[in-house]
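See structure below.
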Amino acid sequence: MPASFRTCLPLVMLVLAACSPQPDKAVTTPAADSPMAKAKAEFSRLQAQGPDATAREITKLEYALTRNLMKAGGLDAALGGEAKAEAALTALYADYERKARALQSGLPQAFVPVNEGGGGSLGGEGWGGAAASTVLGGAQAETAAEAWERGQDRGETNGHAESDAGGDNVSVVWTMDTVTLTTEVKANVAGIKGKVRTTVKMKVCPDPQGKVKAEFESVSSIAAGGGNANTRISASVEASVDDDANLIEGNDDTESTAQQSTDHGDFVDVSDRISTSTGQMGPKVNGQGGSASDQDVQAAQFMARMGRFAAHQTMRAAQKAWQSGQCIDLQVRSDPAKRKGAKPNTAYTLYAEPRAKSDGAPAGGTVKATLSGGSRLNPTGKVKADATFDYQNPTKKDERASIDFESRSKRGVGKATVEFDTKKRPSYRIDFAQCPGGGRESMRACDVSKPFTVTACGGMASITHIPSSDRAGTWTFKFSGAGGFADATGSYTLSGTEESLTQRVVSNKVCGHAAGRTVCATPKPSTATWTKIEDCDE
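In the numbering used here, the protein residues as written are 5 to 542.
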């Protein structure tokens with residue numbers, strides 16, 4: 005196989021499909037001439053220059069190499085000669101760019117629930133396959149992580165969704181701690197066919213040892229007539245997370261492979277490993293056949309390195325997911341439990357207990373609490389989990405405060421917010437009690453945000469309201485007097501303004517008991533008026 009075999013760079017296109025748009029923390033600082041240092045330098049360069057610039061850089065090389073491949077693989081002859089083959093490849097590149105940009109634009113919204121809310125100087129136009137992938141990269145990895153976060157936020161710990169974002173197929177599958185996203189782009193232009201399938205998979209929640217994994221695979225092909233060339237790369241990164249929920253720098257195992265073949269029996273198979281746990285470093289040629297040259301091997305090794313870059317970028321997207329707060333259930337409780345409508349200067353003990361959602365185990369690490377509003381919180385720095393804090397609420401009436409809690413550990417980040425206030429809940433006069441003899445009485449409720457009981461009719465009747473929200477709840481009624489007793493239950497709703505509310509009362513059966521007899525009846529719904537009054541003593 006001629007040196008042009010290396011031009012199966014549509015593979016590289018897929019390799020880059022997992023890249024994220026913004027650089028994160030440096031990976032490590034090894035010896036300058038080590039394989040790890042070289043990998044880091046390449047990673048930083050590609051990440052820093054951005055996907056568009058990388059796309060143009062790759063297209064300049066890819067066009068010339070792909071043209072040679074087409075000649076050697078019989079694609080030129082199938083397309084009717086060199087001029088038509090050049091025109092076909094130019095059209096394919098233009099189609100790749102159009103579809104990549106459409107997919108890049110559509111991916112961020114591909115799985116949002118509806119209620120949530122180039123190498124022109126070389127004769128090439130548009131983007132080559134590898135170039136198109138650089139543009140898709142950020143959107144693909146970011147979308148996978150965001151789709152997982154949305155699913156967890158909706159309580160869907162497992163799920164599957166498909167989309168035709170940009171006119172191409174996109175599918176995502178997630179579990180409680182993993183997500184897999186696959187895109188497939190097809191093109192059929194001027195007699196030349198191209199197809200690219202890219203899969204990224206992430207373990208988005210670290211295991212009990214803080215281990216995480218990101219995987220990348222791409223399969224691509226280009227064909228015309230009876231000639232074709234196929235490329236496949238795969239890469240994986242296994243890394244560790246520290247007790248601050250960040251990747252441990254320079255402590256990962258990466259393995260990537262690249263295989264290329266034509267239907268003429270030419271092939272090359274290479275791998276590249278950088279392992280801090282085993283000490284294995286550098287590339288390896290696993291197989292070479294047909295007319296594959298040393299230059300073909302070098303091209304495949306470049307693709308394997310691009311696979312490694314894609315896998316590392318996928319890991320960066322996964323880190324954003326486990327730092328989002330969806331891997332940890334940060335349970336916060338207070339003593340006393342009442343935090344709303346509390347008296348000023350109430351002293352609280354707060355307990356913050358982070359638990360891994362996947363197995364319910366204590367997450368460990370630390371918890372930090374940040375106070376917004378009055379009055380005093382102690383301590384204010386990081387506290388070893390499970391954490392205890394002392395808090396005194398605002399010193400005056402009608403004030404609010406909140407405390408944001410964040411836990412960080414090798415299991416991920418947990419987030420929670422608790423709110424406090426010393427606001428006096430509205431007091432109301434309730435006009436609806438009808439007593440024996442036909443008289444009506446008003447009852448006074450000093451805090452209708454919590455269960456309250458009022459009495460009427462000289463103490464013979466008591467009515468208990470149990471709010472389920474600020475506009476609804478249930479009630480119970482008890483009456484004792486006049487030679488017997490009665491009881492009933494029901495529900496109520498409120499409408500109107502805070503100054504004046506209309507209560508609609510729905511009752512179950514009312515049963516009266518007297519002289520050894522029980523009589524039950526179901527009254528019709530009724531209404532009562534709640535009128536706001538000045539502060540009253542409880």
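All C-beta atoms in this analysis are idealised placements derived from N, C-alpha and C, irrespective of residue type, glycine included.
Item: Pull up the distance between the alpha-carbon of Ala95 and that of Asp273, whole angstroms please.; Value: 30 Å
Item: Would you identify the three-state DSSP class for Pro529, choosing helix, strand or coil?; Value: coil
Item: Based on Cα-Cα distance, which residue from Ala218, Arg201, Lys400 lies nearest to Met319?; Value: Ala218
Item: Of the choices Gln156, Phe271, Cys331, whose alpha-carbon is the least far from that of Arg543?; Value: Only positions 5 to 542 of the chain appear in this structure, which leaves residue 543 out of reach.
Item: Ala367 and Ser328: beta carbons closer than 9 Å?; Value: no
Item: Of the choices Ala165, Ser484, Gly214, Ile237, whose alpha-carbon is the least far from that of Ser225?; Value: Ile237
Item: Compute the minimum distance between the beta carbon of Arg49 and the heavy atoms of the ligand GDP, and state whether it is under 8 Å.; Value: Inclusion of the ligand GDP in the displayed structure is not the case, the ligand content being empty and no account of it being possible.
Item: Can you look up Cys461 in the DSSP assignment and give me helix, strand or coil?; Value: helix
Item: Would you say the segment 251 to 269 touches the segment 334 to 348, given that touching needs at least three Cβ pairs under 8 Å?; Value: no
Item: In the DSSP output, which residue or residues are listed as bridge partners for Trp479?; Value: His469, Gly494
Item: Are Ala270 and Gly291 touching if we call contact CB-CB under 9 Å?; Value: A quick correction: the sequence has Asp, not Ala, at residue 270. The answer is no: Cβ separation not under 9 Å.
Item: Work out the CA separation of Ala89 and Met551 for me, nearest whole Å.; Value: In the structure as shown, the chain starts at 5 and stops at 542, and residue 551 therefore has no counterpart that could be examined.
Item: Taking the alpha-carbon positions, what's the Cys524 to Leu498 distance?; Value: 27 Å
Item: Give the straight-line distance between the Cα atoms of Thr535 and Tyr355, rounded to the nearest whole angstrom.; Value: 39 Å
Item: Shortest alpha-carbon distance to Glu188 belongs to which of Gly377, Gly198, Ala315, Ser295?; Value: Gly198
Item: How many whole angstroms separate the CB atoms of Gly163 and Trp178, which I take to be in contact at a CB cut-off of 8 Å?; Value: 6 Å
Item: Looking at the structure shown, is Asp56 part of a helix, part of a strand, or coil, going by DSSP?; Value: helix
Item: Hey, Asp425 and Ala346: beta-carbon distance below 9 Å or not?; Value: yes
Item: Given that a residue counts as buried once 16 or more other Cβ atoms are within 10 Å of its Cβ, and exposed if not, what is Asp402?; Value: exposed
Item: With a threshold of 16 other CB atoms inside 10 Å of the CB of Gly311, please say whether the residue is buried or exposed.; Value: buried
Item: With distances taken Cα to Cα, identify the nearest neighbour of Ala145 among Tyr100, Gln156, Lys207.; Value: Lys207
Item: Taking only the alpha-carbon atoms, compute the straight-line gap between Gln51 and Ala106 and give it to the nearest angstrom.; Value: 22 Å
Item: Give every residue of the same chain whose Cβ lies closer than 8 Å to the Cβ of Thr421, excluding the five residues on either side of it in the sequence, and list them in chain order.; Value: Ser406, Ile407, Asp408, Phe409
Item: At 3 residues or longer, what runs of the beta strand (DSSP E) sit wholly inside the segment 395 to 427?; Value: 404 to 413, 416 to 425
Item: Hey, Gly286 and Ala82 are a contact pair by Cβ (cut 8 Å); roughly how many whole angstroms apart?; Value: With a Cβ gap of about 39 Å, Gly286 and Ala82 do not count as contacting.
Item: Measuring alpha carbon to alpha carbon, tell me which residue in Val510, Asn173, Ala149 is nearest Thr480.; Value: Val510
Item: Using a threshold of 9 Å, state whether the C-beta atoms of Ala308 and Ser275 are closer than that.; Value: yes
Item: Apart from the five residues just before and just after Lys427, which ones in its own chain have a Cβ nearer than 8 Å to its Cβ?; Value: Lys344, Gly345, Lys401, Asp402, Glu403, Arg404
Item: Whose C-alpha, out of Asn192, Ile537, Ser431, Ile252, is nearest the C-alpha of Ser453?; Value: Ser431
Item: Exposed or buried, Pro210, counting other C-beta atoms within 10 Å across all chains shown (16 or more means buried)?; Value: buried
Item: For Ala351, name the three-state secondary structure that DSSP assigns.; Value: strand
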